[in-house]
Amino acid sequence: MKLKQSIEKTIRPRDTFEGEFELPGDKSVTHRAIMFNAGAEGTAVITNALLGEDCMSTCQCMRALGAQIDIDGTTLCVQGTPRFRTGVNLNCGNSGTTMRLLTGFCAGKNIEAKLFGDESLSSRPMARVAAPLSLLGADVRTTDGHAPVYVSPAPLKGTEVELSVASAQLKSAVLLAGLSAEGRTAVTEPQKTRDHTERLLAAMGADIRTEGRRTEIGRSRLKAVNVRVPADISSAAYFMALGALKGRTLCKNVGLNPTRTGILTAFDRLGVRYSILSRQVSGGEETGDILVEKSDLHAISLTAEDVPSMIDELPLIALLCAFAEGESRISGAGELRVKESDRIRTSAEMIASLGGICIETEDGFFIRGKKKLRGGEVDSYLDHRIAMTAAVGLIASERGGSIRGAECCAVSFPGFFRMLEGGGRAQGGEA
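Note that the sequence shown covers residues 1 to 431 in UniProt numbering.
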């Protein structure tokens, strides 16, 4: 069933697409910098933060718990609180990251809380975070496996947790609870996922160590730390894709955390011409400028082993496959079905609306490349990744078209359409 939508955005095709782009900060790093510093001793300054709707949900929840957060443009000053409010209602909006991480945070801080969100978030699975936290003794209850989620104070004891799903959100929730548990807590994942939580907790003084897919943490008190948020490679990916399809793009100061650069692995297999310039390291996170040039694309195959490091970019990768020579297959991506939309279904429908051939499978896609897509009218299903991927497809298409529900881009990329339409910088405002 289609959700009610309000804004239709017309996108015209272009013969070429070129530019230099300074992109908003990484959403995953912004969430964690706000939440972790709100629970630390001292005051931290976070710069180049992404303040879309999802990260603002994290700000509002941490304020509700008693932290002081001042915002000036894309800079935040976060002062943690030694004593958190309890008996609170925490509105997580549309943000699964906020809800899942905050469930572990509250369980570890003896906070009684009700965590709830919008209609979309309320349909997403939350038993998967309650179950591993219960192994530590946490009192976490869901509503038929979904939000609202209820957390009550309970003593926690460290244990071995083996996750059945490769999810950085679930891993982070357990690690946050483990900060306050008696003894040591270890989390093992089926595949390696993004490690922003581990890097930031280590920088804040946590007793944490990682070996392969296993991360171990002991009881720790965090010290506030300043964070310069790198540009989000998930946001840069749309402009990188346009460079590959239509010209030449340079995305500045992009985060190159190896658990997040799966899009570059996909580029390598697709035959995308790109290079990385001006590499540097800040706050444990490597950054660089990514230059992408027009490329002849060919079909690829991606499996479950590839998926975790490119999960957010898979709709875009599927679109690139629709422009590639040959038949592509993406499998092992069942996690896409429980995102803001069922992204296997909505990605396939989006590509079909553009004139491409994308057949959904149980855990991925079969895509027959056509090199040229006609364009058309696309439904975003109020999913920001689908809307932004559709915008790329329409610019690269023969006729262009429109996107229904385009306002959803504000969730992760405020100013996306302004940047797409000719600017090289977008840091605030609505999509």
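All C-beta atoms, glycine included, are put in the ideal place defined by N, C-alpha and C.
Is the beta carbon of residue i less than 7 Å from the beta carbon of residue j?
i	j	result
residue 108	residue 85	no
residue 205	residue 183	no
residue 57	residue 95	yes
residue 323	residue 297	yes
residue 191	residue 97	no
residue 255	residue 210	no
residue 332	residue 354	no
residue 154	residue 138	yes
residue 326	residue 299	yes
residue 53	residue 410	yes
residue 59	residue 69	yes
residue 151	residue 92	no
residue 127	residue 156	no
residue 262	residue 309	yes
residue 518	residue 10	The chain is shown only over 1 to 431; residue 518 falls outside these bounds and no answer can be derived.
residue 412	residue 383	no
residue 115	residue 149	yes
residue 368	residue 357	yes
residue 213	residue 198	no
residue 307	residue 125	no
Would you give the residue range spanned by the alpha helix (DSSP H) that residue i belongs to?
i	result
residue 234	233 to 246
residue 319	314 to 322
residue 36	27 to 38
residue 187	From DSSP, residue 187 is part of no alpha helix (DSSP H) but of the beta strand (DSSP E) over 184 to 188.
residue 270	262 to 270
residue 296	Neither: residue 296 is in no alpha helix (DSSP H) and is coded neither H nor E.
residue 412	Counting along the chain, residue 412 falls outside any alpha helix (DSSP H), and DSSP gives it neither H nor E.
residue 58	53 to 64
residue 177	168 to 178
residue 106	96 to 108
residue 45	Not the alpha helix (DSSP H): residue 45 falls in the beta strand (DSSP E), residues 43 to 47.
residue 120	119 to 122
For residue i, decide whether its Cβ has a neighbour in chain B, counting only Cβ atoms nearer than 7 Å.
i	result
residue 91	No chain B appears in the structure shown, which is made up of a single protein chain.
Decide if residue i is buried, meaning its Cβ has at least 16 other Cβ atoms within 10 Å, or exposed.
i	result
residue 415	buried
residue 445	Since the first residue of the chain shown is 1 and the last is 431, residue 445 is not available in this structure.
residue 434	Nothing in the structure corresponds to residue 434, since the chain is present only between 1 and 431.
residue 359	exposed
residue 42	exposed
residue 160	exposed
residue 234	buried
residue 100	buried
residue 16	exposed
residue 24	buried
residue 89	exposed
residue 164	exposed
residue 194	buried
residue 393	buried
residue 305	exposed
residue 285	buried
residue 421	exposed
residue 132	buried
residue 277	exposed
residue 399	exposed
Since residue i and residue j are thought to touch, with beta carbons under 8 Å apart, how far apart are those beta carbons, to the nearest angstrom?
i	j	result
residue 29	residue 229	5 Å
residue 186	residue 215	7 Å
residue 8	residue 404	5 Å
residue 294	residue 246	7 Å
residue 40	residue 104	With 8 Å as the limit, residue 40 and residue 104 do not qualify as a contact, their Cβ atoms being about 15 Å apart.
residue 196	residue 385	About 19 Å separates the two Cβ atoms, so there is no contact after all.
Looking at the unbroken beta strand (DSSP E) that takes in residue i, where does it start and where does it end?
i	result
residue 146	146 to 152
residue 214	214 to 218
residue 211	208 to 211
residue 77	75 to 79
residue 373	It is not in any beta strand (DSSP E) - residue 373 carries neither H nor E in the DSSP assignment.
residue 327	327 to 330
residue 18	17 to 22
residue 69	68 to 72
Legend entry - Sufficient close CB pairs (3 or more, under 8 Å) joining the region 383 to 391 to the region 345 to 356: yes
Legend entry - Sufficient close CB pairs (3 or more, under 8 Å) joining the region 138 to 152 to the region 75 to 85: no
Legend entry - Contact between the region 260 to 270 and the region 216 to 225 (3+ Cβ pairs under 8 Å): no
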